[in-house]
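Taking the working numbering, the leading residue of the sequence shown gets 299, the next gets one more, and so forth.
Structure first, then comments.
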Amino acid sequence: MRRIVLIAVLTAASLAAWAQDQDTVKRAIHTEYMNKPMVVNQQGISGTVNVEKIHAIPSFLGNADPIRFARLLPSIQLNTEIDGGLYMQGSEHSHTLVSMGGVPVYGASHLLGLFSVFNSPHYKGMRYATSAGREPRLGGLIDMELVDTLVRKTGGEASLGLMSAQGTIRLSTGKNSSIIISARQTYLNLLYGSFLKYNDASLKYGFTDGNITWLWRPGPRDKVWIDVFGCRDAVTFDYGSANADMDASWYNGLGAVHWNHYFEDLVLKQTAYFTMNGLNARAAALGAWGSLPSSLATAGYKAEAEWKGWEFAAGAAYHRDQPQNPDVEGYHNNANNAGVPVQHGVETILDASYSRDLGLWLQAKAGLGLVGLMRPGFGSWWGLTPRADLILNLMEYGKVDLHYGLRRQNIFQLGFTNNGFPVEFYVLAGSDYSAPQYSHNISLSYNAETPRKGYSISAEIYAKWLFNQLEYVGTMMEILNASYRLQDSLLQGDGLSWGLNLMLQKQTGRLSGWIGYAFARSLRNFNNPNYPGTYPSNHERLHELDIVATYDFGRWDVGATIVAASGTPYTQPESFYIIGDRIICVYGEHNAHRLPMYMRMDASANWYIKKTERQELGLNVSVYNVLGNENTLGYAMSFNKEKEGYEYSPARFRLKFMPSLAVFYRF
């Protein structure tokens with residue numbers, strides 16, 4: 299009897315100890331999670347994003363999006379509901395390199411800038427920088443990093459919401475290989491179809507995207523990835539009584555093979571890739587209709603080597619580009635069918651950089667590259683890209699970095715970027731439009747953390763002198779109503795961007811988040827007698843404030859974001875008149891007016907029905923534009939039913955706020 303009692307007591311004590319250990323493990327895991335900062339800035343507002351915490355930030359209709367997350371950083375400008383651009387420190391949207399595993403992704407945004415093409419659970423993390431380094435871009439970069447460790451246990455996550463369903467599955471495919479598969483499908487029109495309106499236009503929209511990444515470890519010194527991505531979108535705008543409608547379908551695709559080999563003191567990275575983007579937009583108004591097909595495809599190879607303090611890189615890419623090629627018929631004009639020729643070009647890069655400690659808390663980094671573009675029938679262009687950093691490490695008092703770089707870029711992105719409709723296209727430099735772009739960039743940054751790493755501060759001042767810039771000033775109505783020549787819709791010139799970024803972040807604990815502020819000037823001068831002055835760029839926002847906060851209650855976590863920003867410039871018509879059915883606009887001074895201030899608050903909450911080390915089951919509730927602010931997103935020609943005529947009036951997203959409910963499961 300005593301033995302039985304003793305065994306029972308020991309068993310109960312063991313179970314209690316095991317339960318206590320399990321509870322301790324859970325608390326340790328939860329504490330470790332809370333003590334991971336959402337973003338880690340290493341040079342000014344440049345660093346990495348912890349994708350595990352993206353879901354805590356308010357999502358649009360339950361859809362966690364790393365690109366929307368990045369736009370809350372002060373170095374990346376706020377975008378509205380009708381702008382899919384990524385404007386980094388005064389640069390153009392096309393100056394920012396967006397990539398997956400270092401492979402360019404063209405048109406990395408779904409409709410209206412509300413969704414990106416990235417399914418965040420598929421990736422290891424997100425890297426962002428205000429300088430694209432050796433890459434041929436004038437601005438910064440956003441790179442989705444591929445998972446580099448093998449999957450040992452089956453896992454994944456899925457979410458089902460009012461607007462979309464998405465899922466990711468991680469599987470082991472053998473002792474030395476694993477695969478990650480992600481997919482997303484929208485059914486936006488089922489619930490929101492009757493509510494989604496931009497100005498007077500009813501909107502119908504949907505998209506599908508998917509990723510497959512296979513990782514293979516053939517030996518202890520090698521890693522091989524095969525990465526495939528694809529997405530397709532379709533949208534329709536119906537203007538009803540205005541006797542006008544627009545629709546478009548577009549796609550993105552990417553395929554890449556990556557191979558890393560690790561020598562004793564050298565790392566060799568090689569990538570062969572193919573990436574493409576295509577669009578066919580159609581518009582009809584007042585008896586005329588037209589289609590605007592365009593596409594860009596790139597096949598390339600690049601190699602990188604890291605040896606001690608040295609880094610070397612070489613690469614070549616072939617571009618096949620079809621700029622916007624209107625096909626217009628109807629009452630007004632049937633002459634827009636001459637065709638815009640396909641462009642071909644080969645881009646090459648050679649680069650070397652070196653980093654060395656100089657003593658006395660000083661470190662120096664220097665690099666030199668050679669960027670080339672060869673265009674059959676047009677010629678070739680070559681240019682050096684020197685860059686240098688002088689870093690002062692103040693130990694517990696932070697780090698100061700002084701940077702200079704000469705940047706070059708051979709691809710332009712043009713079109714109706716600011717109106718949300720994805721009628722955008724690419725042109726290669728070295729044609730009738732412009733020589734290759736280049737810029738001189740300087741910046742001074744400071745980063746520091748408090749002794750216990752609870753808080754961090756990041757600051758950066760910068761200036762960029764931009765040369766050979768293009769700005770698209772054409773409109774859809776002009777394409778439908780007049781003989782089209784692309785060069786007639788382009789302004790050529792130079793620019794100057796300068797500003798300040800500040801960010802204070804609370805990195806650890808139940809409450810985390812940041813406050814960011816940006817001041818930015820982005821000015822342009824054009825080589826056109828009709829534009830004799832200095833004008834703000836189309837995307838310039840003088841002031842922007844970003845507030846991000848999340849709180850972890852254990853079973854609950856809640857988050858909120860507040861964005862407030864100055865309005866962007868626009869060109870206002872002084873008058874317009876109708877001849878027959880043709881609308882003729884007479885515009886005033888270029889970008890002489892500004893939209894009203896933009897302000898929006900979003901909020902979300904996650905309730906964990908079950909939360910263990912291996913599984914999470916919960917509900918997400920989010921509200922986009924909680925306060926229902928009616929932000930003016932632009933001005934557009936619209937039909938006034940009461941006046942029975944056209945007028946130039948504010949354009950707004952008609953659904954003031956958008957609630958969402960989604961269930962998620964992670965295992």
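By construction, the Cβ of each residue, glycine as well, lies at the ideal position given by its N, Cα and C atoms.
Helix, strand or coil at residue i according to DSSP, with G and I counted as helix
{"i": "Glu747", "result": "strand"}
{"i": "Val919", "result": "strand"}
{"i": "Leu784", "result": "helix"}
{"i": "Glu758", "result": "strand"}
{"i": "Ala570", "result": "strand"}
{"i": "Leu370", "result": "coil"}
{"i": "His841", "result": "strand"}
{"i": "Lys351", "result": "helix"}
{"i": "Ile740", "result": "strand"}
{"i": "Glu562", "result": "coil"}
{"i": "Ile343", "result": "coil"}
{"i": "Ser947", "result": "strand"}
{"i": "His408", "result": "coil"}
{"i": "Leu439", "result": "strand"}
{"i": "Pro834", "result": "strand"}
{"i": "Asn826", "result": "coil"}
{"i": "Tyr702", "result": "strand"}
{"i": "His393", "result": "helix"}
{"i": "Tyr770", "result": "strand"}
{"i": "His420", "result": "helix"}
{"i": "Leu486", "result": "helix"}
{"i": "Pro591", "result": "strand"}
{"i": "Asp319", "result": "For Asp319, the predicted model reports a pLDDT of 47, less than 50, meaning its position is unreliable; a value from the coordinates is still stated below. Reduced to three states, the DSSP call for Asp319 is helix."}
{"i": "Glu887", "result": "coil"}
Option nearest residue i by Cα separation, candidates the options
{"i": "Val861", "options": "Arg432, Asn825, Arg912 and Ala901", "result": "Ala901"}
{"i": "Gly713", "options": "Leu501, Ala481 and Leu788", "result": "Leu788"}
{"i": "Val555", "options": "Thr569, Val401 and Tyr549", "result": "Thr569"}
{"i": "Arg450", "options": "Met442, Tyr404, Arg468 and Asp536", "result": "Arg468"}
{"i": "Tyr849", "options": "Asn904, Leu370 and Leu893", "result": "Asn904"}
{"i": "Val347", "options": "Pro364, Pro356, Ala354 and Gln341", "result": "Pro364"}
{"i": "Lys567", "options": "Leu590, Trp523, Gln870 and Glu722", "result": "Trp523"}
{"i": "Met895", "options": "Glu872, Asn889 and Glu928", "result": "Glu928"}
{"i": "Cys529", "options": "Pro516, Asp520, Met574 and Asp563", "result": "Met574"}
{"i": "Thr748", "options": "Ser732, Val725 and Tyr695", "result": "Tyr695"}
{"i": "Ala430", "options": "Tyr731, Gln341, Ser729 and Glu911", "result": "Gln341"}
Residue i: first and last residue of the uninterrupted alpha helix (DSSP H) it sits in
{"i": "Arg468", "result": "Taken as a continuous stretch (DSSP letters only), Arg468 belongs to no alpha helix (DSSP H), being part of the beta strand (DSSP E) at Ser462 to Gly472."}
Boundaries (first-last residue) of the beta strand (DSSP E) holding residue i
{"i": "Pro957", "result": "Met956 to Arg964"}
{"i": "Ile907", "result": "Tyr896 to Lys909"}
{"i": "Phe710", "result": "Ile709 to Gly713"}
{"i": "Leu931", "result": "Run containing Leu931: none; DSSP gives neither H nor E here."}
{"i": "Phe610", "result": "Trp608 to Gln620"}
{"i": "Ala686", "result": "Arg685 to Asn691"}
{"i": "Gly388", "result": "Unbroken run through Gly388: none, as it is neither H nor E."}
{"i": "Ser732", "result": "Element bounds for Ser732: n/a, residue is neither H nor E."}
{"i": "Ser678", "result": "Gly677 to Leu682"}
{"i": "Ala664", "result": "Leu660 to Arg673"}
{"i": "Asn509", "result": "Ala499 to Gly517"}
Closer than 7 Å: residue i CB and nearest the ligand NAD heavy atom
{"i": "Ala818", "result": "No copy of the ligand NAD occurs in the structure displayed, which carries no ligand at all."}
Through-space distance from residue j to residue i, alpha-carbon basis
{"i": "Ser592", "j": "Pro621", "result": "5 Å"}
{"i": "Leu798", "j": "Tyr760", "result": "7 Å"}
{"i": "His891", "j": "Ser820", "result": "15 Å"}
{"i": "Leu917", "j": "Leu959", "result": "7 Å"}
{"i": "Gly926", "j": "Asp536", "result": "24 Å"}
{"i": "Ala611", "j": "Asn923", "result": "45 Å"}
{"i": "Ser947", "j": "Gln464", "result": "38 Å"}
{"i": "Trp659", "j": "Trp796", "result": "29 Å"}
{"i": "Trp854", "j": "Lys600", "result": "45 Å"}
{"i": "Ala354", "j": "Gly811", "result": "10 Å"}
{"i": "Thr466", "j": "Thr806", "result": "28 Å"}
{"i": "Ala314", "j": "Ser864", "result": "With a pLDDT of 45 at Ala314, under the threshold of 50, the modelled position of that residue is not reliable, and the figure given next carries that caveat. In a straight line, the C-alpha of Ala314 is about 59 Å away from that of Ser864."}
{"i": "Ser651", "j": "Glu604", "result": "10 Å"}
{"i": "Met897", "j": "Lys606", "result": "48 Å"}
{"i": "Arg519", "j": "His559", "result": "6 Å"}
{"i": "Tyr503", "j": "Val403", "result": "22 Å"}
{"i": "Gln870", "j": "Tyr885", "result": "6 Å"}
{"i": "Phe951", "j": "Leu931", "result": "8 Å"}
{"i": "Ala532", "j": "Asn623", "result": "19 Å"}
Next on the checklist: Count Cβ pairs between the segment 736-752 and the segment 690-708 that sit closer than 8 Å; are there 3 or more?
Outcome noted: yes
Checklist entry - Counting pairs of beta carbons, one from the segment 747-767 and one from the segment 425-443, are three or more of them closer than 8 Å? => result yes
Checklist entry - Between the segment 827-842 and the segment 368-384, do three or more beta carbon pairs fall short of 8 Å? => result yes
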